[in-house]
Structure formats: C-alpha cells, structure tokens
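S.K.: Here it is, the structure, as structure tokens.
Residue numbers (mature numbering (1 follows the signal peptide of the UniProt record, and there is no 0)): -22 to -1, 1 to 228.
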C-alpha cells in the first residue's frame, strides 16, 4: 500500500500517542523466609513484598512467573546476588555498603535492626562485644550479622542460624543470649513459633533504614529506573506499609 503524507501523519500520530512499554527483562528473583514480607506457605511464596512485586509486574504489563522466584537461606540468596548477573532479591535492608555493591529498588518500608534479648536481661551501658561468653544468634550475611562485624564483635560470639524462626527458638531455649534481627520480623517469628513476644525486648537498636529490592550491578540501569518508578506508584495502593515498623518488639 502506498502511503501518502496524510496517512503517514496519522500513523505517526497514533505511534507517538501510545505509551511505550518497557521490554520485560530476564530477571531471576530470590528471597528468604522473612515474614511478613516474604515466606513460604503451603508451597507458595507469600507476603507483603511478593504482593508488591506482582502489582509492579501487572502495572508494567510484564508476565509474572512464579517459577522465576526461588526461596533459599539468606546466605545463599546473598551469594547468588553477588555472583549472578540476572539476580534480584527481595526484601533486603539498604546500607551504603550494599548500595555500592548492588542496584537498589526502594524504599519500600522502614526497617529497624536491633539486638533483642529476654525481658529480664540487663545489658545497659555494657560493651557487649567484650562480654566473655556472650553468644549472639545471627543469620550469616544478614544485615544484623554485618552490622555486628562492623562494630567489632568477635567471630566466636556468633551462632549462625539459617532463619529468623531458628533465631527466636534458640533465644527462647537460651542457647543464645541475644539475636540481631529486624524487630518487626522478629515479632512475627515469635508468633509463628508460639512464643510470647512480650517476654523479650530490644536491648539496643543497631540500624534504622528501609527494606527494598536489590539487583546485581549487571542488571541494566534503565530496568532499575523503571522498577523504581513503578514501585513508587504501586506503594500508593499499600498505605499500611508506613505503619508496620510500629508493631515490632517493644
């Protein structure tokens, strides 16, 4: 068909009026057991973060494939994020060090990482890293572990566990003196383990930041920009996220 100027003008007008859709990249998503944000329930990954991610894909008109999401222990998740060029993770706490290593998508929700212990514990005004025999439960390469290493805690003080659920169980059994973990997530883990969270308290806050998503540096910057812009829009549908941090361990 021969195009005259009028037809060409109409076709170009239609083309520029239609919003451009970002081409869906190949991303492999990884996560851990971190309720209420991401966790396994009856064989399916559920939680606040996965709902947000699904909504982001829907808004971008991307196909969301559950097969592209793998739940693993955090140490493996973190190692995969470091090594795999197509890897992205949720949820992860933002730090300046991590921001230099990965491309962040967020903020999604406020997060406070704390040292948590028994209510009767008295560690006030004490240099915890120099207490002989003190044992702190951590998930390897979790933000709590990384913060304590940075503060000078000794390797022999750490008891490595795979999940937050194991942390609260070990704390109840007094196999560890303290745990380093997000206080909101700890409260949910206490509940899952049928442990009364009112018997525990924050010994010392370690870090205030936010939870978000992060990708390997090899993921294209335009993809990160698109995901960040979409997250801002999607979070308008989840105003309750702004108050989650108020429900942590007291």
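We treat Cβ as the ideally placed atom computed from N, Cα and C, and that holds for glycine.
Just so it is clear, the structure is predicted and the values come from calculations on it, not from any experiment.
#1: Please report how far the alpha carbon of residue 186 lies from the alpha carbon of residue 91, in whole angstroms.
#2: Can you confirm whether the segment 105 to 117 touches the segment 129 to 140 when touching is taken to mean that 3 or more C-beta pairs between the two stretches lie within less than 8 angstroms?
#3: Cα separation between residue 166 and residue 13?
#4: Where does residue 5 fall in DSSP's three states?
#5: For residue 49, does the three-state DSSP call read helix, strand or coil?
#6: Which residues in the same chain as residue -2 place their Cβ atom closer than 8 angstroms to its Cβ, once the five residues preceding and following it in sequence are excluded?
#7: Go to residue 164, then tell me how far its alpha helix (DSSP H) extends in each direction, as first and last residue.
#8: If you follow the alpha helix (DSSP H) that residue 98 is part of, which residue opens it and which one closes it?
#9: Which residues mark the beginning and the end of the beta strand (DSSP E) in which residue 22 is found?
#10: Relative to the C-alpha of residue 123, which residue among 159, 209, 24, 9 is closest?
#11: Nearer than 8 angstroms: is that true of the beta carbon of residue 81 relative to any heavy atom of the ligand FMN?
#12: Smallest Cα separation from residue 129: which of 108, 149, 71, 86?
#13: Which of the three DSSP states, helix, strand or coil, is assigned to residue 108?
#14: Flag this pair as yes or no: are the beta carbons of residue 48 and residue 17 separated by less than 9 angstroms?
#15: Kindly indicate the opening and closing residues of the alpha helix (DSSP H) around residue 79.
#16: Tell me, which residues are paired with residue 116 by DSSP?
#17: Relative to the C-alpha of residue 93, which residue among 169, 131, 21 is closest?
#18: Residues in the same chain with beta-carbon distance under 6 angstroms from residue 27, minus the five sequence neighbours each way, listed in chain order, please.
#19: Taking the alpha helix (DSSP H) that residue 67 falls in, what are its first and last residues?
#20: Under three-state DSSP, which class holds residue 196?
#21: Taking the straight line between their C-alpha atoms, what separation do you get for residue 10 and residue 29?
M.R.: In short:
#1: 6 angstroms
#2: yes
#3: 6 angstroms
#4: coil
#5: strand
#6: Low confidence applies to residue -2: its pLDDT is 49, below 50, so where it sits in the model is not reliable enough to give any reading.
#7: 161 to 170
#8: Segment: none, residue 98 is in no alpha helix (DSSP H) and carries neither H nor E.
#9: 22 to 24
#10: 159
#11: Ligands in the displayed structure: none, and consequently the ligand FMN is not present.
#12: 108
#13: helix
#14: no
#15: 74 to 79
#16: 138
#17: 131
#18: 15, 16, 68, 69
#19: Residue 67 -> not in any alpha helix (DSSP H); beta strand (DSSP E) instead, spanning 65 to 71.
#20: coil
#21: 15 angstroms
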